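A.B. asks: When you read off a place in the sequence shown, starting at 1, and then add 55, the result is the number in this note's numbering.
All residues carry an ideal CB built from backbone N, CA and C; glycine is no exception.
Nothing here was measured: the structure is a model prediction, and the numbers come from that model.
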Amino acid sequence: MPTRLNPSNNAFHHPMHSAVTGGDGSLTDKAQQGLSRVAWSDQDTHFMRHALSLAEKAAALGEVPVGAVVVMDEIMIGEGWNAPIAGHDPCAHAEIKALQQAGQHQQNYRLPGATVYVTLEPCAMCAGALIWSRVSRVVWGAADSKSGAAGSVVNLFAESKLNHHAVEQGGVLAEESAALLKKFFAAKRGTEKTSSKKVAADSRTSDEPAVSECEQNELKQNKLKQTELKQTELKQNEREQNKLKQHEAPCTQSPRS
Ligand SMILES: [Zn+2]
Numbered sequence: 056m057p058t059r060l061n062p063s064n065n066a067f068h069h070p071m072h073s074a075v076t077g078g079d080g081s082l083t084d085k086a087q088q089g090l091s092r093v094a095w096s097d098q099d100t101h102f103m104r105h106a107l108s109l110a111e112k113a114a115a116l117g118e119v120p121v122g123a124v125v126v127m128d129e130i131m132i133g134e135g136w137n138a139p140i141a142g143h144d145p146c147a148h149a150e151i152k153a154l155q156q157a158g159q160h161q162q163n164y165r166l167p168g169a170t171v172y173v174t175l176e177p178c179a180m181c182a183g184a185l186i187w188s189r190v191s192r193v194v195w196g197a198a199d200s201k202s203g204a205a206g207s208v209v210n211l212f213a214e215s216k217l218n219h220h221a222v223e224q225g226g227v228l229a230e231e232s233a234a235l236l237k238k239f240f241a242a243k244r245g246t247e248k249t250s251s252k253k254v255a256a257d258s259r260t261s262d263e264p265a266v267s268e269c270e271q272n273e274l275k276q277n278k279l280k281q282t283e284l285k286q287t288e289l290k291q292n293e294r295e296q297n298k299l300k301q302h303e304a305p306c307t308q309s310p311r312s
């Protein structure tokens with residue numbers, strides 16, 4: 056750090072996404088609405104891979120695996136990984152930490168011209184920080200259906216009332232990022248089962264973006280079934296006790312009374 060990327064790697068544009076920029080390079084209406092994405096390059100993939108390696112670092116430390124890097128003129132000027140548990144800091148998301156490091160590197164609280172790569176769709180807090188930092192572009196990996204603020208829940212980047220807009224594009228190495236999250240949460244659930252301990256509360260823990268709704272529904276239904284079984288057992292016990300009482304009752308009364 057800072058690291059310069061080989062400049063020969065920047066020519067490729069993904070064919071699926073090359074249609075959304077206008078002829079003059081401006082974003083089309085679709086892109087401005089956040090409904091579609093502009094192209095990404097080999098350079099984007101390169102930096103996203105680095106962000107993924109930072110996410111792996113977070114996972115190794117027991118934090119939800121999210122990583123971010125800030126790049127200016129093909130040089131990495133900031134990097135961060137998710138660390139709210141270790142620092143008892145609800146704001147210690149990967150993007151915030153990467154922005155803070157980039158700000159120190161530039162000796163400037165604003166980062167115009169910078170691109171931020173983050174493995175997971177930014178939350179509302181991070182989207183706010185990215186907008187405040189005046190970065191030019193935000194590239195993210197997997198979508199976060201529970202707290203994503205780049206289109207999944209809300210799209211702060213498309214909010215016309217805000218006075219600064221970063222170009223935002225998602226889906227870069229999304230599968231790798233989602234697989235990392237899924238593996239992390241699966242391992243965590245395994246640990247929870249064996250230790251029967253509650254895992255420390257974390258703003259991103261409850262979000263589990265990689266867990267499918269099907270899996271969650273299955274878990275809910277299993278819980279419901281267990282509750283129903285317990286209730287049935289309790290009712291049976293109650294009935295048996297009532298029966299016993301009825302049998303006992305004549306014995307306690309004098310047959311002569
Ligand atoms: Zn965040």
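Leaving aside the five residues before and after Tyr164 along the sequence, list all residues of the same chain whose C-beta is less than 7 Å from its C-beta, in chain order.
C.D. replies: Within the same chain, Tyr164 has close Cβ partners Gly158.
A.B. asks: Tell me the DSSP secondary structure of Asn163 in three-state form.
C.D. replies: Correct three-state label for Asn163: coil.
A.B. asks: Name the DSSP bridge partner or partners of Glu129?
C.D. replies: BP columns for Glu129 are empty, so no partner.
A.B. asks: Between which two residues does the alpha helix (DSSP H) containing Arg104 stretch?
C.D. replies: Here the alpha helix (DSSP H) through Arg104 covers 97-115.
A.B. asks: Once the 5 residues before and after Gln156 are set aside, which same chain residues still bring their CB inside 7 Å of it?
C.D. replies: Closer than 7 Å at Cβ, skipping near neighbours: Gly133, Glu134, Gly135.
A.B. asks: Looking at ligand 1, does it come within less than 7 Å of Pro177, judged from the CB to the closest heavy atom?
C.D. replies: True, at least one ligand heavy atom lies under 7 Å from that Cβ.
A.B. asks: Helix, strand or coil, according to DSSP, for His294 in the structure here?
C.D. replies: Per the sequence shown, residue 294 should be read as Arg rather than His. Of the three classes helix, strand and coil, the one that applies to Arg294 here is helix, per DSSP.
A.B. asks: Tell me where the beta strand (DSSP E) around Ala197 begins and ends.
C.D. replies: It spans 192-197 - the beta strand (DSSP E) in which Ala197 sits, taken as one unbroken run.
A.B. asks: Classify Ala241 as buried or exposed, calling it buried when 16 or more other Cβ atoms lie within 10 Å of its own Cβ.
C.D. replies: Label assigned to Ala241: exposed.
A.B. asks: Nearest by alpha-carbon distance to Glu230: which of Ala94, Asp97, Leu107 is it?
C.D. replies: Considering only alpha carbons, the answer is Leu107.
A.B. asks: What I want to know is whether the C-beta of Met103 ends up closer than 7 Å to one or more non-hydrogen atoms of ligand 1.
C.D. replies: No - ligand 1 has no heavy atom lying nearer than 7 Å to the Cβ of Met103.
A.B. asks: Rounding to the nearest angstrom, what Cα-Cα distance links Ser202 and Gly122 in this structure?
C.D. replies: Roughly 16 Å between the two C-alpha positions.
A.B. asks: Where DSSP assigns a beta bridge to Val54, which residues make up the other side?
C.D. replies: Residue 54 is absent from the structure shown; the chain starts at 56 and stops at 312.
A.B. asks: Leaving aside the five residues before and after Lys253 along the sequence, list all residues of the same chain whose C-beta is less than 7 Å from its C-beta, in chain order.
C.D. replies: Note on Lys253: pLDDT 45, under 50, position unreliable in the model; no value is reported.
A.B. asks: Report, in whole angstroms, the separation of the C-beta atoms of Glu111 and Ala141, which I expect to be a contact under 8 Å.
C.D. replies: Actually they are not in contact, since the Cβ atoms of Glu111 and Ala141 sit about 16 Å apart, beyond 8 Å.
A.B. asks: Report buried or exposed for Asp128, applying the criterion of at least 16 other Cβ atoms within 10 angstroms of its Cβ.
C.D. replies: With fewer than 16 Cβ atoms within 10 Å of its Cβ, Asp128 is classed as exposed.
A.B. asks: Inspect the beta-carbon positions of Gln224 and Val194 and report whether they are closer than 8 Å.
C.D. replies: A contact, by the Cβ cut-off of 8 Å.
A.B. asks: Using the DSSP secondary-structure output, state which residues sit across from Glu134 in a beta bridge.
C.D. replies: DSSP lists Val124 as partners of Glu134.
A.B. asks: With 16 other CB atoms within 10 Å as the buried threshold, where does Leu116 fall?
C.D. replies: It counts as exposed.
A.B. asks: Taking DSSP's pairing of strands, which residues face Gln224 in a bridge?
C.D. replies: Beta-bridge pairing links Gln224 to Val194.
A.B. asks: Following the continuous alpha helix (DSSP H) through Gly203, name the residue where it begins and the one where it ends.
C.D. replies: Per DSSP, Gly203 belongs to no alpha helix (DSSP H) and is neither H nor E.
A.B. asks: With a threshold of 7 Å (Cβ to nearest heavy atom), would Glu223 be considered close to ligand 1?
C.D. replies: Result no, Cβ not under 7 Å from ligand 1.
A.B. asks: Note down the Cα distance separating Val171 from His143, rounded to an integer number of angstroms.
C.D. replies: Rounded to whole angstroms, Val171 to His143 spans 24 Å at the Cα level.
A.B. asks: Output yes or no for whether 8 Å exceeds the beta carbon distance between Ala184 and Val209.
C.D. replies: Against a cut-off of 8 Å, the Cβ pair of Val209 and Ala184 comes out as no contact.
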